[in-house]
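2 protein chains.
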Amino acid sequence: MTRPLRADALRNKEKLLTVAATAFSEDGVDVPLETIAARAGVGVGTLYRHFPHRNALIEAAYRHEVERLCDAAPELLSSCVPAAEALREWMHAFVHYAGTKKGMADALRSVVGSDTTLLGHTRSQIVAALRVLLSAGAQDGSLRSDADPEDVMRAMGGVWNVGPGPDWEDQVRRLLALLIDGLRYGAPR
Amino acid sequence: MTRPLRADALRNKEKLLTVAATAFSEDGVDVPLETIAARAGVGVGTLYRHFPHRNALIEAAYRHEVERLCDAAPELLSSCVPAAEALREWMHAFVHYAGTKKGMADALRSVVGSDTTLLGHTRSQIVAALRVLLSAGAQDGSLRSDADPEDVMRAMGGVWNVGPGPDWEDQVRRLLALLIDGLRYGAPR
DNA sequence: GCCAATACCGGAGGCTCCTCCGTTTCACTC
DNA sequence: GAGTGAAACGGAGGAGCCTCCGGTATTGGC
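Respectively, the protein sequence lines represent chains A and B.
Here the first sequence is numbered in our numbering, starting from 7 and rising by one per residue.
Here the second sequence is numbered in our numbering, starting from 7 and rising by one per residue.
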């Protein structure tokens, strides 16, 4: 049986994942792993122990980003009212996620190849998070109750169509604002 | 416009491909490219000029093997009579090809990934070579005339099922001999 | 609070990668 | 067959990869 990671090991792994996501996104697939280790304040040995090769790190970093995004949904719901507000906040997080994934696209392609399992899995995770947010909104009346999370997800997919210009972040924000307004339309309050 | 390769460049490229096929087959995917360059009597610079990265070399080496095999068919027909004899010789060459491909399997997998174009293309090349041999045999009466090259190809596919034991080469030979006898059965002479 | 036992960490070192550019060879002309 | 430019060669060198193991932190038992 595999016992839980020691506290320091966990800390380092977490830090590596965060740093890696940023690095792959900003510097491309070919960023030296030694750079990532250094930025995480860790030796290469540690990096290679957790992630035996480049692809393992890329994949883990991506999974980590998705997880962070999805975990944020319930947290936001407990700190923001009404749920429509939580949704707005979550979509802000989504913008950040989209930015990272945009940058990581090349890196991701080099990993997944034929492995569509990964993409399918993360997609359904995101849909699930969305479902939580939408049903909370339906319950407190801040969002219409007839919206399908799959549909919303598809609509959010439009984000990938935004060009690489300097104002992509604004474009994405506008797109999402529009979407939220649509989800509010006809809500009880 | 891209002019034809200079004579020495062509010689080196050819040598590299031959050496690479052997090396990948015998030493695995991870054989240092410097080793291949050295065995081909060439500097690494030359290797990298012709094949900018490992995958390019692997793919080219594989294509080269297939081409060599297929080009052998018409040559054998002009030097061996009857055509059944040419077919036997060609199948000997196929055994060698199978051995190389067996060894290169790992390397190949790492290249092709989702690219099924490559495998499909080489398959049809081999079928074409087979068709030439079979129709020559039908014409000179040394082989039956109702054999479909696609079928023969499929039967030859059994070669990949031969285990990795020490006598695989003999097993393959017997399998192919059986196949040839089948193709002779009922031939005019 | 202390002490082993048990992970985990770090980075030097050996190896491979791949580029870069001075040198050599080729192909073509006169 | 000498001259010339274009193309190819080679291998040194700088950079990244990954392993290995002496040193260090953490944990669980006392």
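All residues carry an ideal CB built from backbone N, CA and C; glycine is no exception.
It is roughly 21 Å from the alpha-carbon of residue 117 (chain A) to the alpha-carbon of residue 34 (chain B). In this structure, residue 72 (chain B) lies near residue 131 (chain B), with their beta-carbon atoms less than 7 Å apart. Runs of the alpha helix (DSSP H) lying entirely within the stretch 58-98 of chain A, each at least 4 residues long, are 60-85 in chain order. C-alpha of residue 192 (chain B) to C-alpha of residue 96 (chain B): approximately 21 Å in a straight line.
The Cβ atoms of residue 163 (chain A) and residue 181 (chain A) do not sit closer than 7 Å to each other. Exclusion of the five residues before and after residue 109 (chain A) leaves 30, 31 and 32 as the residues of its chain whose Cβ lies within less than 7 Å of its Cβ.
By the criterion of a C-beta distance shorter than 6 Å, residue 26 (chain B) is surrounded in its chain by 42, 63 and 67, once the five residues flanking it on both sides are discounted. In the displayed model, residue 50 (chain B) falls within a helix according to three-state DSSP. Annotation: residue 168 (chain A) is outside any alpha helix (DSSP H) and is labelled neither H nor E by DSSP. If the five residues before and after residue 179 (chain A) are omitted, its C-beta is found closer than 7 Å to the C-beta atoms of 101, all from its own chain and listed in chain order. Residue burial is scored here from C-beta neighbours: residue 87 (chain B) has fewer than 16 other C-beta atoms within 10 angstroms and is therefore classed as exposed. The Cβ-Cβ distance between residue 89 (chain B) and residue 146 (chain B) falls below 7 Å. Note on geometry: alpha-carbon atoms of residue 186 (chain A) and residue 124 (chain A) lie some 28 Å from one another. Shown here, residue 36 (chain B) sits in coil according to DSSP, grouped into three states, outside any helix or strand. Annotation for residue 155 (chain B): the continuous alpha helix (DSSP H) segment containing it runs 155-162. Between residue 80 (chain B) and the set B:150, B:23 and B:140, the nearest pair of CA atoms involves B:140.
DSSP, reduced to helix, strand and coil, places residue 11 (chain B) outside both helices and strands of the structure shown, so it counts as coil. Measuring C-alpha to C-alpha distances from residue 149 (chain B) to each of B:105, B:188, B:10 and B:98 identifies B:188 as the nearest.
Judged by DSSP in its simplified three-state form, residue 130 (chain B) adopts helix. Cα atoms of residue 47 (chain A) and residue 70 (chain B): separation of roughly 48 Å, rounded to the nearest angstrom.
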